[in-house]
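K.L.:
Below is one structure. I have some questions about it.
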Amino acid sequence: MAAAAGPLRGLGRLCRVLLFLSQCYVLSGGGSLNLEHSQPVAQSIRDPGPTESTDIPPYVMKCPSNGLCSRLPADCVDCKTNFSCVYGKPVTFDCTVRPSVTCVDQDFTSQKNFIINMTCRFCWQLPETEYECYKSTSCMAVSCPRQRYMANCTVRDHVHCLGNRTFPKMLYCNWTGGYKWSTALALSITLGGFGADRFYLGQWREGLGKLFSFGGLGIWTLIDVLLIGVGYVGPADGSLYI
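Letter by letter, the sequence shown follows residues 493 to 734 in our numbering.
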(Lines of atoms letter the chains of each structure in order from A; the text may use other names.)
(Lines give C-alpha, C1' and ligand atoms only; values in the text may rest on other atoms or scores of the structure.)
Protein backbone atom coordinates (compact mmCIF):
# COMPACT_ATOMS: atom_id res chain seq x y z
CA MET A 493 0.00 0.00 0.00
CA ALA A 494 2.84 2.37 0.88
CA ALA A 495 4.47 1.59 -2.45
CA ALA A 496 1.28 2.47 -4.38
CA ALA A 497 0.73 5.72 -2.45
CA GLY A 498 4.02 7.21 -3.63
CA PRO A 499 3.06 7.47 -7.36
CA LEU A 500 -0.37 8.86 -6.41
CA ARG A 501 1.17 11.65 -4.35
CA GLY A 502 3.49 12.53 -7.24
CA LEU A 503 0.53 12.65 -9.67
CA GLY A 504 -1.40 14.90 -7.28
CA ARG A 505 1.56 17.30 -6.98
CA LEU A 506 1.85 17.39 -10.78
CA CYS A 507 -1.84 18.25 -11.13
CA ARG A 508 -1.54 21.10 -8.57
CA VAL A 509 1.48 22.50 -10.41
CA LEU A 510 -0.36 22.42 -13.77
CA LEU A 511 -3.40 24.11 -12.22
CA PHE A 512 -1.16 26.80 -10.71
CA LEU A 513 0.59 27.44 -14.03
CA SER A 514 -2.72 27.69 -15.91
CA GLN A 515 -4.03 30.26 -13.42
CA CYS A 516 -0.84 32.29 -13.75
CA TYR A 517 -1.25 32.22 -17.56
CA VAL A 518 -4.79 33.49 -17.34
CA LEU A 519 -3.94 36.23 -14.83
CA SER A 520 -1.03 37.42 -16.97
CA GLY A 521 -3.42 38.16 -19.87
CA GLY A 522 -2.62 35.26 -22.05
CA GLY A 523 -6.09 33.84 -21.64
CA SER A 524 -7.69 37.01 -23.02
CA LEU A 525 -5.96 36.65 -26.36
CA ASN A 526 -8.61 34.38 -27.69
CA LEU A 527 -11.34 36.88 -26.75
CA GLU A 528 -9.53 39.80 -28.33
CA HIS A 529 -8.98 37.92 -31.55
CA SER A 530 -12.54 36.66 -31.60
CA GLN A 531 -14.17 40.10 -31.24
CA PRO A 532 -13.35 41.36 -34.77
CA VAL A 533 -14.66 38.09 -36.16
CA ALA A 534 -17.91 38.45 -34.23
CA GLN A 535 -18.22 42.09 -35.31
CA SER A 536 -17.63 41.17 -38.94
CA ILE A 537 -20.44 38.64 -38.69
CA ARG A 538 -22.87 41.06 -37.04
CA ASP A 539 -21.97 44.07 -39.19
CA PRO A 540 -22.01 43.24 -42.91
CA GLY A 541 -20.71 46.73 -43.69
CA PRO A 542 -22.22 49.43 -45.94
CA THR A 543 -24.39 48.25 -48.82
CA GLU A 544 -25.38 50.02 -52.01
CA SER A 545 -28.73 51.79 -51.90
CA THR A 546 -31.30 50.37 -54.30
CA ASP A 547 -33.75 53.29 -53.98
CA ILE A 548 -35.04 54.47 -57.36
CA PRO A 549 -35.32 58.28 -57.78
CA PRO A 550 -38.95 59.39 -58.16
CA TYR A 551 -38.34 61.08 -61.53
CA VAL A 552 -37.38 57.73 -63.11
CA MET A 553 -41.09 56.79 -63.23
CA LYS A 554 -41.59 59.54 -65.83
CA CYS A 555 -38.61 58.51 -67.98
CA PRO A 556 -39.21 55.86 -70.69
CA SER A 557 -36.45 53.25 -70.76
CA ASN A 558 -34.30 53.19 -73.92
CA GLY A 559 -36.37 55.88 -75.61
CA LEU A 560 -35.08 58.71 -77.76
CA CYS A 561 -33.05 61.16 -75.71
CA SER A 562 -34.61 64.12 -77.53
CA ARG A 563 -38.09 62.99 -76.47
CA LEU A 564 -37.35 62.59 -72.76
CA PRO A 565 -39.45 64.66 -70.34
CA ALA A 566 -37.78 67.71 -68.84
CA ASP A 567 -37.57 66.04 -65.42
CA CYS A 568 -35.27 63.37 -66.89
CA VAL A 569 -32.55 65.67 -68.25
CA ASP A 570 -30.33 68.53 -67.13
CA CYS A 571 -29.78 71.18 -69.81
CA LYS A 572 -27.45 74.16 -69.99
CA THR A 573 -29.95 76.85 -70.97
CA ASN A 574 -29.09 80.27 -72.31
CA PHE A 575 -31.53 82.99 -71.27
CA SER A 576 -30.00 85.50 -73.70
CA CYS A 577 -31.49 83.76 -76.75
CA VAL A 578 -33.85 85.66 -79.06
CA TYR A 579 -37.52 85.08 -78.21
CA GLY A 580 -39.37 82.95 -80.75
CA LYS A 581 -36.20 81.81 -82.54
CA PRO A 582 -34.99 78.19 -82.73
CA VAL A 583 -32.20 77.39 -80.26
CA THR A 584 -30.16 74.33 -79.28
CA PHE A 585 -29.06 73.38 -75.77
CA ASP A 586 -26.57 70.81 -74.48
CA CYS A 587 -28.29 68.29 -72.23
CA THR A 588 -27.27 65.35 -70.04
CA VAL A 589 -29.54 62.56 -68.85
CA ARG A 590 -29.99 62.31 -65.10
CA PRO A 591 -28.73 59.32 -63.07
CA SER A 592 -30.60 56.02 -63.52
CA VAL A 593 -32.01 57.21 -66.89
CA THR A 594 -31.11 55.45 -70.15
CA CYS A 595 -31.85 56.70 -73.64
CA VAL A 596 -30.67 56.23 -77.24
CA ASP A 597 -30.12 58.34 -80.34
CA GLN A 598 -31.58 57.90 -83.82
CA ASP A 599 -29.22 54.95 -84.43
CA PHE A 600 -30.32 53.26 -81.17
CA THR A 601 -26.93 53.91 -79.61
CA SER A 602 -26.93 54.57 -75.88
CA GLN A 603 -25.79 58.05 -74.96
CA LYS A 604 -25.59 60.35 -71.98
CA ASN A 605 -24.97 63.72 -73.64
CA PHE A 606 -27.08 65.06 -76.49
CA ILE A 607 -28.43 68.26 -78.05
CA ILE A 608 -32.06 69.32 -77.85
CA ASN A 609 -33.82 71.72 -80.26
CA MET A 610 -36.52 74.04 -78.94
CA THR A 611 -38.00 77.50 -79.34
CA CYS A 612 -36.62 80.29 -77.19
CA ARG A 613 -39.44 81.24 -74.81
CA PHE A 614 -40.27 81.13 -71.14
CA CYS A 615 -42.70 78.57 -69.78
CA TRP A 616 -45.40 81.16 -69.07
CA GLN A 617 -45.25 82.23 -72.74
CA LEU A 618 -46.23 78.77 -74.05
CA PRO A 619 -49.54 78.18 -75.88
CA GLU A 620 -52.42 77.04 -73.65
CA THR A 621 -52.26 73.53 -75.13
CA GLU A 622 -48.76 72.94 -73.68
CA TYR A 623 -49.54 73.44 -70.00
CA GLU A 624 -52.24 72.48 -67.52
CA CYS A 625 -53.85 74.82 -65.01
CA TYR A 626 -55.91 74.33 -61.87
CA LYS A 627 -59.52 75.19 -62.72
CA SER A 628 -61.48 77.23 -60.21
CA THR A 629 -65.16 76.44 -59.56
CA SER A 630 -65.73 79.35 -57.19
CA CYS A 631 -65.85 82.17 -59.75
CA MET A 632 -68.75 83.37 -61.91
CA ALA A 633 -68.34 82.23 -65.51
CA VAL A 634 -71.49 84.12 -66.53
CA SER A 635 -70.94 87.72 -65.48
CA CYS A 636 -70.34 91.13 -66.97
CA PRO A 637 -67.53 91.95 -67.10
CA ARG A 638 -66.23 88.39 -67.38
CA GLN A 639 -64.42 87.35 -64.21
CA ARG A 640 -60.82 86.14 -64.04
CA TYR A 641 -58.95 84.17 -61.37
CA MET A 642 -55.35 83.35 -60.44
CA ALA A 643 -54.45 79.76 -61.38
CA ASN A 644 -51.32 77.64 -60.85
CA CYS A 645 -50.17 76.14 -64.14
CA THR A 646 -47.69 73.31 -64.84
CA VAL A 647 -45.96 72.63 -68.17
CA ARG A 648 -46.59 69.21 -69.72
CA ASP A 649 -43.79 66.67 -69.33
CA HIS A 650 -42.70 66.49 -72.99
CA VAL A 651 -42.50 70.29 -73.45
CA HIS A 652 -39.19 72.12 -72.92
CA CYS A 653 -39.02 75.80 -72.02
CA LEU A 654 -37.03 78.39 -70.05
CA GLY A 655 -37.63 79.31 -66.42
CA ASN A 656 -39.90 77.72 -63.84
CA ARG A 657 -42.13 74.92 -65.08
CA THR A 658 -44.82 75.88 -62.54
CA PHE A 659 -46.12 79.45 -62.70
CA PRO A 660 -49.21 81.54 -61.80
CA LYS A 661 -51.43 82.92 -64.52
CA MET A 662 -54.63 84.95 -64.71
CA LEU A 663 -57.33 82.99 -66.55
CA TYR A 664 -60.92 83.69 -67.47
CA CYS A 665 -63.49 81.87 -65.39
CA ASN A 666 -64.53 78.99 -67.63
CA TRP A 667 -66.13 75.95 -66.03
CA THR A 668 -69.40 74.05 -66.25
CA GLY A 669 -71.67 72.52 -63.65
CA GLY A 670 -73.27 70.07 -66.09
CA TYR A 671 -76.27 72.18 -67.15
CA LYS A 672 -77.35 71.77 -70.78
CA TRP A 673 -78.51 74.76 -72.78
CA SER A 674 -80.82 72.59 -74.90
CA THR A 675 -82.58 71.20 -71.80
CA ALA A 676 -83.06 74.66 -70.29
CA LEU A 677 -84.49 76.01 -73.55
CA ALA A 678 -86.86 73.02 -73.95
CA LEU A 679 -88.16 73.43 -70.39
CA SER A 680 -88.61 77.18 -70.94
CA ILE A 681 -90.74 76.59 -74.05
CA THR A 682 -92.87 73.72 -72.71
CA LEU A 683 -93.08 74.22 -68.94
CA GLY A 684 -91.84 77.77 -68.57
CA GLY A 685 -95.20 78.92 -67.24
CA PHE A 686 -94.64 76.75 -64.15
CA GLY A 687 -91.04 77.92 -63.64
CA ALA A 688 -89.49 74.57 -64.63
CA ASP A 689 -86.66 76.28 -66.53
CA ARG A 690 -85.70 78.43 -63.53
CA PHE A 691 -85.90 75.46 -61.16
CA TYR A 692 -83.62 73.48 -63.49
CA LEU A 693 -81.02 76.26 -63.49
CA GLY A 694 -81.04 76.42 -59.68
CA GLN A 695 -82.91 79.75 -59.51
CA TRP A 696 -85.65 78.59 -57.16
CA ARG A 697 -86.82 82.10 -56.14
CA GLU A 698 -87.56 83.06 -59.74
CA GLY A 699 -89.06 79.60 -60.25
CA LEU A 700 -91.52 80.13 -57.38
CA GLY A 701 -92.39 83.57 -58.75
CA LYS A 702 -93.22 82.13 -62.17
CA LEU A 703 -95.11 79.22 -60.63
CA PHE A 704 -97.47 81.34 -58.53
CA SER A 705 -97.92 84.01 -61.23
CA PHE A 706 -98.49 81.45 -64.00
CA GLY A 707 -95.42 82.66 -65.82
CA GLY A 708 -96.25 86.32 -65.30
CA LEU A 709 -99.45 85.68 -67.28
CA GLY A 710 -97.29 84.43 -70.13
CA ILE A 711 -95.18 87.57 -70.48
CA TRP A 712 -92.40 86.33 -68.17
CA THR A 713 -92.43 83.00 -69.98
CA LEU A 714 -91.85 84.59 -73.38
CA ILE A 715 -89.08 86.81 -72.00
CA ASP A 716 -87.31 83.81 -70.45
CA VAL A 717 -87.48 81.88 -73.72
CA LEU A 718 -85.64 84.74 -75.41
CA LEU A 719 -83.10 85.23 -72.59
CA ILE A 720 -82.26 81.52 -72.32
CA GLY A 721 -82.17 81.20 -76.12
CA VAL A 722 -79.46 83.87 -76.44
CA GLY A 723 -77.61 82.54 -73.38
CA TYR A 724 -78.15 85.63 -71.22
CA VAL A 725 -79.76 83.61 -68.40
CA GLY A 726 -77.51 80.82 -67.17
CA PRO A 727 -77.09 78.47 -64.19
CA ALA A 728 -77.32 79.99 -60.71
CA ASP A 729 -73.83 78.76 -59.76
CA GLY A 730 -72.27 80.96 -62.42
CA SER A 731 -71.04 78.12 -64.60
CA LEU A 732 -71.33 77.79 -68.38
CA TYR A 733 -73.70 75.58 -70.34
CA ILE A 734 -72.44 72.32 -71.76
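All C-beta atoms, glycine included, are put in the ideal place defined by N, C-alpha and C.
Taking a contact to mean a Cβ-Cβ separation below 8 Å, would you say Cys757 touches Asp570 in this structure?
P.N.:
The question about residue 757 has no answer here: the residues shown for the chain are numbered 493 through 734.
K.L.:
Could you name each continuous alpha helix (DSSP H) segment of 4 residues or more that falls completely within the region 668 to 695, going from the start of the chain to the end?
P.N.:
Runs found: 673 to 683 and 688 to 692.
K.L.:
Considering only residues of the same chain and omitting the five flanking positions on each side of Ala643, which have a CB-CB separation below 8 Å?
P.N.:
Cβ neighbours of Ala643 beyond the five flanking positions: Cys625, Tyr626, Lys627, Ser628, Pro660, Lys661, Met662 and Leu663.
K.L.:
Give me the Cα-Cα distance between Phe727 and Leu709, rounded to the nearest whole angstrom.
P.N.:
Here residue 727 turns out to be Pro, not Phe, going by the sequence shown. Pro727 and Leu709: Cα-Cα distance of roughly 24 Å.
K.L.:
Where do the N-terminal and C-terminal ends of the alpha helix (DSSP H) with Leu663 fall, by residue?
P.N.:
Segment Thr658 to Tyr664 is the beta strand (DSSP E) holding Leu663; no alpha helix (DSSP H) there.
K.L.:
Three Cβ pairs or more, each shorter than 8 Å: is that satisfied between the region 596 to 616 and the region 547 to 560?
P.N.:
Touching, yes, given that three or more Cβ pairs across the two stretches are closer than 8 Å.
K.L.:
What residue range does the alpha helix (DSSP H) around Val717 cover?
P.N.:
Here the alpha helix (DSSP H) through Val717 covers Ile711 to Gly721.
K.L.:
Helix, strand or coil: which one does DSSP assign to Val651?
P.N.:
If DSSP states are grouped into helix, strand and coil, Val651 belongs with coil.
K.L.:
Nearest-angstrom Cα distance between Cys615 and Arg657?
P.N.:
C-alpha separation (whole angstroms): 6 Å.
K.L.:
Have a look at Ser580 and Thr621 and give me their C-alpha separation to the nearest angstrom.
P.N.:
Sequence check: residue 580 is Gly here, not Ser. So the two alpha carbons sit approximately 17 Å from each other.
K.L.:
Quick one: what's Pro727 bridged to in DSSP?
P.N.:
Bridge partners of Pro727: none, in fact.
K.L.:
Pull up the CB-CB distance for Leu654 and Arg613, whole angstroms please, since I reckon it's below 8 Å.
P.N.:
With a Cβ gap of about 7 Å, Leu654 and Arg613 count as contacting.
K.L.:
State the Cα-Cα distance for the pair Phe575 and Val552, rounded to the nearest angstrom.
P.N.:
Distance between the alpha carbons of Phe575 and Val552 is about 27 Å.
K.L.:
Measuring only the C-alpha atoms, how far is Arg439 from Asp716?
P.N.:
Residue 439 is absent from the structure shown; the chain starts at 493 and stops at 734.
K.L.:
According to DSSP, which residues form a beta bridge with Ser602?
P.N.:
Answer is Val596, bridged to Ser602.
K.L.:
Measure the alpha-carbon distance for Ala676 versus Tyr641 and round it to whole angstroms.
P.N.:
Their Cα atoms are separated by approximately 27 Å.
K.L.:
Quick one, which of His650, Leu618 and Cys631 has its alpha-carbon nearest Gly555's?
P.N.:
For the record, residue 555 in the displayed sequence is Cys; it is not Gly. The candidate whose alpha carbon is nearest that of Cys555 is His650.
K.L.:
What would DSSP say about Asn558, mapped onto helix, strand or coil?
P.N.:
Coil at Asn558, not helix or strand.
K.L.:
State the CB to CB distance for the pair Arg690 and Lys702, rounded to an integer number of angstroms; the pair is presumed to be in contact (CB under 8 Å).
P.N.:
Confirmed, Cβ separation roughly 6 Å.
K.L.:
Just verifying my parser: in three-state terms, what is the DSSP assignment at Met642?
P.N.:
Here Met642 sits in strand by DSSP.
K.L.:
Output the distance between the C-alpha atoms of Thr573 and Val722, rounded to the nearest integer angstrom.
P.N.:
Spanning the two alpha carbons is a distance of roughly 50 Å.
K.L.:
If you draw a straight line from the alpha carbon of Leu618 to that of Asp729, how long is it in whole angstroms?
P.N.:
One C-alpha to the other measures close to 31 Å.
K.L.:
Put Asp577 into one of helix, strand or coil per three-state DSSP.
P.N.:
For the record, residue 577 in the displayed sequence is Cys; it is not Asp. Reduced to three states, the DSSP call for Cys577 is coil.
K.L.:
Work out the CA separation of Met632 and Ser680 for me, nearest whole Å.
P.N.:
Taking the straight line from one Cα to the other gives about 23 Å.
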